[in-house]
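Undergrad: Sharing a structure with you now.
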Amino acid sequence: MTEDQVVAELRSGMTIGIGGWGSRRKPMSLVRAILRSDLTDLTVVTYGGPDVGLLCAAGKVSRLVYGFVSLDSIPLEPHFRAARQSGAVEVTEWDEGMLQAGLYAAAQRLPFLPLRAGLGSDVMRFDPGLRTVTSPYADGEELVAVPALHLDAALVHLNRADAAGNAQFLGPDPYFDDLYCQAADRAYVSCEQIVPTEELTARTDVTRLRIHRWMVSGVVEAPNGAHFTSCAPDYGRDESFQREYAAAAGDPEAWERFRATYLSGTEQDYQRAVEARGATTGVQA
Amino acid sequence: MSEFTRAEVCAAACADAWRGDGEIMAGPMGLTPSIGARLARATFEPGLLLSDGEATLVAGVWAVDAPPPATAEGWVPFRTIFDLLATGRRHVMMGPSQIDRYGNANISAIGDFARPKRQLLGVRGAPGNTVNHPTSYWVPKHTTRTFVERVDVVCGVGNDSAAAAGPSASRFHELRRVVTNLAVLDFGGPGGTMRLVSVHPGVTVEEVTANTGFALHVDGEVPETRTPTDEELVLIREVIDPNGRRDREVPA
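First to last, the sequence lines map onto chains A and B. Each number in the numbering used here comes from the position in the first sequence (counting from 1) with 118 added on. Each number in the numbering used here comes from the position in the second sequence (counting from 1) with 157 added on.
What follows is the structure, encoded as structure tokens:
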């Protein structure tokens, strides 16, 4: 599939989970395709990074469900901050472990999973829909009943996949990508490279094949598709580009220039602009 | 080698947070806690587990601005950290933007949560960390902006909030200490409130109370924070922070 074909299968108002973590291995080419689309009113569930910032800046999001939003090397995400501070988005801000529990509950077709995290914190106050559940056993513990986070669609970016949707992470952490895929009605995998199935395990261990074809509805080959987030070991975060992004986000005129330069065309246009930038700044994309 | 800087006193005070913890994962967040955790493992707390900040548990001692040593002793992707923290075998030192007398800590947002004046990171893992395992805090700049009467968002659960939320919130809840550029504090005050444990050499009790936005519990004579040993100073200066990054976080 292409990014635009994936986005054509999404609808306004959907709940969409986005894999990766912070500014690490985000399906950015799919996010950029959403920016080009007329999708709106999305609920986005994620351990957030620039995916959240870009979607908020483009007015695509009505609700965010997250544990944090950060660019990692730049702690605070400027577009996310602006969206929060202007009241442009509604939020469900949960503990990081609650997000995992909610996705796992959805994946296991359970209504909720009990968790200690959240008790005593303002997570309970700011999300008045949250309920506790009392253990039916002798301990009688009262725990947070983290509701299932069912996703209409999941978007994840992996290092390699085969055409059927078996996909592997080659970096340090699978993050929660497999969980997003299992919590979703439809999951779409973008990857650096689509390879024949036998090549997936030719050079690395089978344990890196964490995404299985039964979880996946479509595969997109997207070289440099996580840019400007990291996609180790294929490439690190483009720190210079991320700094340019963050600086531009703080100023409407600079943001308009950034948008015109990088986000006004196709994914190919984006990648060409990134390459041209690397040539002029001497920075490797 | 009896001369030392404030930053080095802070690093040793952070290290002391993990004293007696044994074979658990230390979760230092920020520069000075990272120096402290590595210092603790290199000296009096060799059983501590430390990650490289990504997904690998590493053995040995290494510099804060250098790649970690090659010896991996475990794979800890985020999901494994979540599993581990619920076992209780972890002690984090987090950096709050606001903290109150009961140890409620805020890293989420300043102002009204519905439409904050300043959105910060989000609650992250603070709610889960604080009700599952020991938690300490590091504040590089002790001011009334950080030490407030009431935090805007309770992310890290304080002693009063844990008690109010019931036995399941309190069962594993344990706030250990707060280290700042001025002092060491704990929660030994009445009702689990913040108490001044020691002031760093050169700091007065009045300086600490004036920079704290609530009435701090002070128990008689307040001792001085211990100074780093010669062995610790060598480790800090030559191995863990050879480029002196600590002095930028805590100026002399």
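Glycine residues also receive a C-beta, built at the ideal position from the N, C-alpha and C atoms.
Please indicate yes or no: does the CB of Arg243 of chain A lie closer than 7 angstroms to some heavy atom of the ligand FAD?
TA: This structure lacks the ligand FAD; in fact it carries no ligand of any kind.
Undergrad: Mind the definition here: the segment 266-276 of chain A touches the segment 298-317 of chain A only if three or more C-beta pairs lie below 8 angstroms; say whether that holds.
TA: They touch, by the three-pair rule.
Undergrad: Which residue marks the beginning of the beta strand (DSSP E) containing His330 of chain B, and which one marks its end?
TA: Translated into the one-based positions of the second sequence, residue 330 of chain B becomes position 173. It is not in any beta strand (DSSP E) - His330 of chain B carries neither H nor E in the DSSP assignment.
Undergrad: In whole angstroms, what is the alpha-carbon distance linking Gly113 of chain A and Gly383 of chain A?
TA: Beyond the ends of chain A as shown, which are 119 and 403, falls residue 113 of chain A; an answer cannot be given.
Undergrad: How about Ala367 of chain B: is its C-beta nearer than 8 angstroms to some C-beta of chain A?
TA: The residue given as residue 367 of chain B occupies position 210 in the second sequence. It does not: the Cβ of Ala367 of chain B has no partner Cβ on chain A nearer than 8 angstroms.
Undergrad: Quick one: what's Asp343 of chain B bridged to in DSSP?
TA: Here residue 343 of chain B refers to the residue found at position 186 of the second sequence. For Asp343 of chain B, which the question treats as bridged, DSSP gives the partners B:Arg334 and B:Arg352.
Undergrad: Give the range of the alpha helix (DSSP H) segment to which Glu388 of chain B is assigned.
TA: The count along the second sequence starts at 1 and reaches residue 388 of chain B at position 231. Segment Asp387 to Val391, the alpha helix (DSSP H) holding Glu388 of chain B.
Undergrad: When the distance is taken between beta carbons, is Pro291 of chain B closer than 8 angstroms to Arg333 of chain B?
TA: As a position in the second sequence, residue 333 of chain B is number 176, starting the count at 1. As a position in the second sequence, residue 291 of chain B is number 134, starting the count at 1. Going by C-beta atoms, Arg333 of chain B is nearer than 8 angstroms to Pro291 of chain B.
Undergrad: Kindly say whether Gly354 of chain A, judged by its beta-carbon, lies nearer than 8 angstroms to any beta-carbon of chain B.
TA: Counted from its first residue, the first sequence places residue 354 of chain A at position 236. Taking Cβ atoms only, chain B never reaches closer than 8 angstroms to Gly354 of chain A, which makes this a no.
Undergrad: Could you pull the start and end residues of the beta strand (DSSP E) that His248 of chain B belongs to?
TA: To locate residue 248 of chain B, count along the second sequence from 1; it is residue 91. Residues Arg247 to Met251.
Undergrad: Does the CB of Ser325 of chain B have a neighbour CB from chain A at under 8 angstroms?
TA: Translated into the one-based positions of the second sequence, residue 325 of chain B becomes position 168. Yes, contact with chain A.
Undergrad: Taking the alpha-carbon positions, what's the Leu278 of chain B to Val360 of chain B distance?
TA: Along the second sequence, read from residue 1 onward, the residue named residue 278 of chain B stands at position 121. Along the second sequence, read from residue 1 onward, the residue named residue 360 of chain B stands at position 203. When rounded, the distance between both Cα atoms is 32 angstroms.
Undergrad: Comparing the C-beta of Ala319 of chain B with each C-beta of chain A, is any distance below 8 angstroms?
TA: As a first step, residue 319 of chain B must be located in the second sequence, where it is residue number 162. With 8 angstroms as the cut-off, Ala319 of chain B counts as an interface residue toward chain A.
Undergrad: Between the beta-carbon of Leu233 of chain A and the beta-carbon of His197 of chain A, is there less than 8 angstroms?
TA: Within the first sequence, residue 233 of chain A is the residue found at index 115, counting from 1. Within the first sequence, residue 197 of chain A is the residue found at index 79, counting from 1. No, the pair does not count as a contact, with Cβ atoms beyond the cut-off.
Undergrad: Does the distance from the CB of Phe371 of chain B to the CB of Asp257 of chain B come in under 8 angstroms?
TA: Against the second sequence, residue 371 of chain B aligns to sequence position 214. Against the second sequence, residue 257 of chain B aligns to sequence position 100. For Phe371 of chain B and Asp257 of chain B, yes; Cβs fall inside 8 angstroms.
Undergrad: Which residues, in order along the segment 222-243 of chain B, keep a beta-carbon less than 8 angstroms from a beta-carbon of chain A?
TA: Listed by position along the chain: Pro234, Phe235, Arg236, Phe239, Leu242 and Ala243.
Undergrad: Okay, do the segment 320-340 of chain B and the segment 163-175 of chain B touch, 3+ Cβ pairs below 8 angstroms being the bar?
TA: With the cut-off at 8 angstroms, the segment 320-340 of chain B and the segment 163-175 of chain B touch.
Undergrad: I need the straight-line Cα distance from Ser444 of chain A to Arg143 of chain A, nearest angstrom please.
TA: Chain A is shown from 119 up to 403; residue 444 of chain A falls before or after that span and cannot be answered.
Undergrad: Distance cutoff 8 angstroms, beta carbons only. Does Tyr363 of chain A sit that close to anything in chain B?
TA: Here residue 363 of chain A is taken as the residue at index 245 of the first sequence, counted from 1. Judged by the 8 angstroms Cβ criterion, Tyr363 of chain A is not in contact with chain B.
Undergrad: I need the DSSP call for Asn277 of chain A, collapsed to helix, strand or coil.
TA: Residue 277 of chain A sits at position 159 when you count from the first residue of the first sequence. Of the three classes helix, strand and coil, the one that applies to Asn277 of chain A here is strand, per DSSP.
Undergrad: Whole angstroms is fine: what's the gap from Tyr363 of chain A's alpha carbon to Ile152 of chain A's?
TA: Taking the first residue of the first sequence as position 1, residue 363 of chain A is located at position 245. Taking the first residue of the first sequence as position 1, residue 152 of chain A is located at position 34. If I take the Cα positions, the gap works out to 18 angstroms.
Undergrad: Out of A:Ala201, A:Glu393, A:Leu327 and A:Asp190, state which residue places its alpha-carbon closest to the alpha-carbon of Leu182 of chain A.
TA: Working through the first sequence from its first residue, we reach residue 182 of chain A at position 64. Checked all of A:Ala201, A:Glu393, A:Leu327 and A:Asp190; the closest Cα to Leu182 of chain A is A:Ala201.
Undergrad: Using only CA atoms, which one of A:Thr398, A:Pro370 and A:Phe359 lies nearest to Tyr380 of chain A?
TA: Within the first sequence, numbered from 1, the residue matching residue 380 of chain A stands at position 262. The option with the nearest alpha carbon to Tyr380 of chain A is A:Phe359.
Undergrad: CB Leu276 of chain A to CB Phe287 of chain A, shorter than 8 angstroms?
TA: Your numbering for residue 276 of chain A matches position 158 in the first sequence. Your numbering for residue 287 of chain A matches position 169 in the first sequence. Going by C-beta atoms, Leu276 of chain A is nearer than 8 angstroms to Phe287 of chain A.
Undergrad: In chain B, what lies closer than 7 angstroms to Val241 of chain A by C-beta?
TA: Counting from 1 along the first sequence, the entry for residue 241 of chain A is found at position 123. Those are Val280 and Pro284, listed as they occur along chain B.
Undergrad: Quick one: is Ala320 of chain A buried, meaning 16 or more other Cβ sit within 10 Å of its Cβ, or exposed?
TA: Taking the first residue of the first sequence as 1, we reach residue 320 of chain A at position 202. Its Cβ having fewer than 16 others within 10 Å, Ala320 of chain A is exposed.
Undergrad: Here's a check: name, in chain order, each residue in its chain whose Cβ is nearer than 7 angstroms to the Cβ of Gly187 of chain B, leaving out the five neighbours to either side.
TA: As a working note, residue 187 of chain B is residue 30 in the second sequence. If we look at Gly187 of chain B and ignore the five residues flanking it on each side, its Cβ neighbours are Gly252 and Trp295.
Undergrad: Short of 7 angstroms in beta carbon distance, which residues of its chain neighbour Trp175 of chain B, apart from the five on each side in sequence? Order them along the chain.
TA: As a working mapping, residue 175 of chain B is identified with position 18 in the second sequence. Excluding residues within five positions, the ones whose Cβ falls inside 7 angstroms are Ala183, Ala194, Ala197, Glu202, Leu205 and His248.
Undergrad: Going straight from the alpha carbon of Ile397 of chain B to that of Gly283 of chain A, what length do you get?
TA: Reading the second sequence from its first residue, position 240 is the one you call residue 397 of chain B. Reading the first sequence from its first residue, position 165 is the one you call residue 283 of chain A. For Ile397 of chain B and Gly283 of chain A, the distance between alpha carbons rounds to 44 angstroms.
Undergrad: Distance, Cα to Cα, Leu237 of chain A vs Leu228 of chain A?
TA: Taking the first residue of the first sequence as 1, we reach residue 237 of chain A at position 119. Taking the first residue of the first sequence as 1, we reach residue 228 of chain A at position 110. Their backbone Cα atoms lie some 21 angstroms apart in a straight line.
Undergrad: Return the residue from the list A:Ile192, A:Gly137 and A:Asp159 that minimises the CA-CA distance to Asp169 of chain A.
TA: Reading the first sequence from its first residue, position 51 is the one you call residue 169 of chain A. Comparing Cα positions, the closest option is A:Gly137.
Undergrad: Give, in chain order, every residue of the segment 371-391 of chain A whose Cβ lies closer than 7 angstroms to some Cβ of chain B.
TA: Answer set for the segment 371-391 of chain A: empty.
Undergrad: Apart from the five residues just before and just after Ala281 of chain A, which ones in its own chain have a Cβ nearer than 7 angstroms to its Cβ?
TA: For the purposes of this step, residue 281 of chain A is taken as residue 163 along the first sequence, with counting starting at 1. Within the same chain, Ala281 of chain A has close Cβ partners Ile312 and Val337.
Undergrad: Under 8 angstroms between the Cβ atoms of Val162 of chain A and Ile192 of chain A?
TA: Along the first sequence, one-based indexing puts residue 162 of chain A at 44. Along the first sequence, one-based indexing puts residue 192 of chain A at 74. No, they are not a contact pair.
Undergrad: Cβ of Glu211 of chain B within 8 angstroms of Cβ of Asp291 of chain A?
TA: Along the second sequence, one-based indexing puts residue 211 of chain B at 54. Along the first sequence, one-based indexing puts residue 291 of chain A at 173. Yes, Cβ-Cβ distance for Glu211 of chain B and Asp291 of chain A is below 8 angstroms.
Undergrad: DSSP three-state label for Gly135 of chain A, please.
TA: For the purposes of this step, residue 135 of chain A is taken as the residue at position 17 of the first sequence. DSSP places Gly135 of chain A in strand when its eight states are reduced to three.
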